[in-house]
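What follows is a set of notes on a single structure, which appears directly below.
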Amino acid sequence: MKVNFSPSQQENPDREGGMKIPYAPAKRAIPKWKWRLLVLLLSTPLLFLIWRVASAVFFVTAPGVISLEKVSVNAPLPATVARIEVQLGASVVSGDILLRLDDPALEQRKILLSAEMEGLREGVPAAQTPQAPAPVASVSKDRLRLAQQNTEYQRAYRETVRSLFKQGAATRAELNEAEDRHRQAELTLVSLRESASPVPQPVAQGPSYYELESEAQRKNRIHQIEAELKLLDTRSIQLTIRSPENARVLDIFPSEGEILPSGAPLVLLGRPQSVQVVAYLQPRHLGYAQPGKPVTVRFSDGSSMEGRVSSAPELAVRIPAELSGVLDEGKQMLLVKVAFDEPLPDALRVEGLPLSVHFGFSIRQSLSLFEHE
């Protein structure tokens with residue numbers, strides 16, 4: 456079928472043969488604003504992409520987090536974690552108990568020394584007993600039993616550390632320390648057993664056992680035991696781990712029952728009174744990270760605060776996965792520290808709180824960076 460349109464019909468489509476034909480209006484007339492809204496919705500992804508590109512070029516922004524000043528609490532002695540007294544995120548004051556450590560060998564050593572000193576203090580000088588018969592050294596069954604228990608404990612501890620060493624979970628120094636403690640326990644047990652055996656009476660008339668032990672030696676040994684007991688008491692006090700200052704518990708490393716070497720990390724504390732922002736800035740924007748440069752810190756709730764770069768960047772690190780975008784994942788970033796101009800509200804003093812740091816807007820510098828790329 457062939458359709459022809461005359462110029463007159465194109466100009467006056469509602470006239471036919473000189474007569475006006477009154478066409479009815481469209482039943483579903485669409486307002487123009489709906490068409491505009493539809494076009495706007497369809498173009499939103501493109502507009503968002505243009506905005507992101509433009510903001511990345513002309514606005515220098517870096518992701519960051521709130522960082523509290525850290526205080527690490529370590530184990531003063533090799534011990535076992537008996538009880539954890541705090542929870543993650545808890546606020547503590549100076550002197551609060553964080554953990555309780557336990558060292559059975561230390562307590563057993565104190566009991567053995569106390570028993571030995573008691574026996575020495577109750578001893579009789581040789582001058583008063585010249586005709587003393589061959590005695591049996593005053594070693595009680597309790598002391599022997601405690602020495603045997605200590606030896607068994609040290610043997611089990613050594614085997615545990617040896618097993619951990621084979622698995623790569625313990626160091627050579629920890630294994631050597633366990634070996635030394637086991638040897639000392641065995642030597643103590645052998646010494647007590649020898650002391651418990653009767654002292655043979657010499658055939659010829661000579662000095663007895665009590666005559667060979669002078670009063671000066673006995674007193675000297677008592678002083679040595681007292682000094683060692685004081686040292687053990689000090690170590691016992693050190694096994695109660697207390698907070699060195701007012702802080703917040705950021706991390707707890709060991710678990711109850713875990714065997715720890717000396718210096719092992721126990722608790723990580725954060726000081727809420729000392730807070731700063733750690734921002735991860737792209738290396739190409741190094742010029743914006745000058746000390747004293749004013750910045751704007753914006754939080755997730757929409758609030759913002761003014762601050763300044765506290766020091767020049769000295770370290771480049773990988774940006775954390777939770778802060779990186781798709782294109783920035785795994786990249787090395789400049790670690791920039793920012794201090795607030797005003798005190799930060801207590802509600803925002805949260806370790807690891809995500810935020811963004813805006814370093815300003817500069818067309819000239821942004822265009823020069825864009826040209827270098």
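Numbering (the working numbering), first residue to last: 456 to 828. For every residue, glycine included, the Cβ atom is placed at its ideal position computed from N, Cα and C. It should be emphasised that the depicted structure is a prediction, and the values quoted were computed from it without experimental measurement.
Hey, residue i and residue j: beta-carbon distance below 7 Å or not?
{"i": "F514", "j": "F795", "result": "no"}
{"i": "K792", "j": "S759", "result": "no"}
{"i": "L705", "j": "L723", "result": "yes"}
{"i": "S710", "j": "L553", "result": "no"}
{"i": "N529", "j": "P798", "result": "no"}
{"i": "V752", "j": "V732", "result": "yes"}
{"i": "P559", "j": "Y608", "result": "yes"}
{"i": "L523", "j": "E761", "result": "no"}
{"i": "R703", "j": "P738", "result": "no"}
{"i": "L568", "j": "E683", "result": "yes"}
{"i": "P599", "j": "L647", "result": "Checking the sequence, you will find Leu at residue 599 rather than Pro. Yes, Cβ-Cβ distance for L599 and L647 is below 7 Å."}
{"i": "P531", "j": "E629", "result": "no"}
{"i": "T854", "j": "S755", "result": "Lying outside 456 to 828, the shown extent of the chain, residue 854 is not represented and no answer is given."}
{"i": "L790", "j": "L808", "result": "no"}
{"i": "L556", "j": "L694", "result": "yes"}
{"i": "I775", "j": "A744", "result": "Here residue 775 is Pro; the residue named in the question, Ile, does not match the sequence. Cβ atoms of P775 and A744: not closer than 7 Å."}
Which of helix, strand or coil does DSSP assign to residue i?
{"i": "S729", "result": "strand"}
{"i": "K786", "result": "coil"}
{"i": "P720", "result": "strand"}
{"i": "A702", "result": "strand"}
{"i": "L736", "result": "strand"}
{"i": "K794", "result": "For the record, residue 794 in the displayed sequence is Ala; it is not Lys. If DSSP states are grouped into helix, strand and coil, A794 belongs with the strands."}
{"i": "K475", "result": "strand"}
{"i": "T643", "result": "helix"}
{"i": "S758", "result": "coil"}
{"i": "I692", "result": "helix"}
{"i": "R773", "result": "strand"}
{"i": "T751", "result": "strand"}
{"i": "G807", "result": "coil"}
{"i": "K778", "result": "The displayed chain sequence assigns Leu, not Lys, to residue 778. Note: L778 maps to coil in three-state DSSP."}
{"i": "F814", "result": "strand"}
{"i": "I680", "result": "helix"}
{"i": "L601", "result": "helix"}
{"i": "L741", "result": "helix"}
Under the rule that 16 or more other beta-carbon atoms within 10 Å means buried, what is residue i, buried or exposed?
{"i": "P580", "result": "The pLDDT assigned to P580 is 44, lower than 50, so where the model puts this residue is not dependable, and the model offers no usable value."}
{"i": "E700", "result": "exposed"}
{"i": "V772", "result": "exposed"}
{"i": "T606", "result": "buried"}
{"i": "P518", "result": "buried"}
{"i": "M474", "result": "exposed"}
{"i": "I707", "result": "buried"}
{"i": "R564", "result": "buried"}
{"i": "A545", "result": "exposed"}
Completely contained beta strand (DSSP E) runs for the stretch 489-564, where each covers 3 or more residues: Taking only runs of at least 3 residues, the beta strand (DSSP E) segments lying wholly in the stretch 489-564 are 514-529, 534-539, 552-557.
Would you check if the stretch 711-718 and the stretch 534-544 touch, i.e. whether three or more CB-CB distances between them fall below 8 Å? Contact holds: three or more Cβ-Cβ distances are below 8 Å.
Do the stretch 628-648 and the stretch 610-617 meet, that is, are 3 or more Cβ pairs less than 8 Å apart? Touching, per the Cβ criterion.
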